[in-house]
Structures are given as structure tokens and as C-alpha cells.
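Numbering (my numbering), first residue to last: 1 to 131.
A short write-up of the structure that comes next.
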């Protein structure tokens, strides 16, 4: 039986497993590795903090992911298919590793975040408010 996501160590396992899949994915892997040229040693700890903040309500994440994604979108417009691939990989990783209320919550939060980000990246500039 799978455990739920209950600790930072669980978040680290989820994030590391997810981004391993991302890097191997033909559709979105190149966005991370060739276009964004992600420094994984720098990015992953930020993602641990981000998801720990989102799931457990800890105010440890510092940053503005929208600004990063606007800059990336300028280099390579991010389309619906890429967001769907990202979400599906995330959901699959969660489901492969965990089961329980927090696992369901993190999938719902991921969907909301991805959908809002996709909307903002594709909204006319006059409709965008960066917070």
C-alpha cells in the first residue's frame, strides 16, 4: 500500500521523480534542457520549497514563478499541449508513488497552478496582472 505525501522527504521524492520524467519526455524535456537550460542543482531545491509551501502551507518558497515562465514563453511560446503533458506527467508521478488526501490535493493544486499559468501566458498583455 502506498503512503500519502506527509513530509519534506516525500516532496523531494516526488519532485526528483517528476523532473527525471520531464527530462526524458520528448515533448517538454527539450524546453527544460535546451531552451530554459535549467540548472537542476539550483532548480530542484526551489521546487521542494515551492511544493512544500503549497501542500503544507509553509512560507518557505521565495520567488515569482510567473516572471520565470513569462521569460521562457518569450523564447518558446508554451502551448496547451505542453501544459497538458506537464500535468499528466505530474499526476502519473504522484499516482505511482503516493495515495491519500495530500496526494489528491497536490494534483488539484498542480492543475490549478498550471491552468492559471497557461491562461496568464496566453492572455492579452492588458489583462495580465503580475502579483
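Yeah, the Cβ is synthetic: ideal placement off N, Cα and C, and Gly gets one too.
| Check | Outcome |
| --- | --- |
| With 16 other Cβ atoms within 10 Å as the buried cut-off, status of residue 49 | buried |
| Boundaries (first-last residue) of the alpha helix (DSSP H) holding residue 65 | 65-75 |
| Three CB pairs or more closer than 8 angstroms across the stretch 86-95 and the stretch 37-53 | no |
| Own chain, CB closer than 8 angstroms to residue 28, minus 5 neighbours either side, in chain order | 22, 82, 85, 86 and 89 |
| Anticipated Cβ contact below 8 angstroms, residue 94 with residue 107, distance rounded | 5 angstroms |
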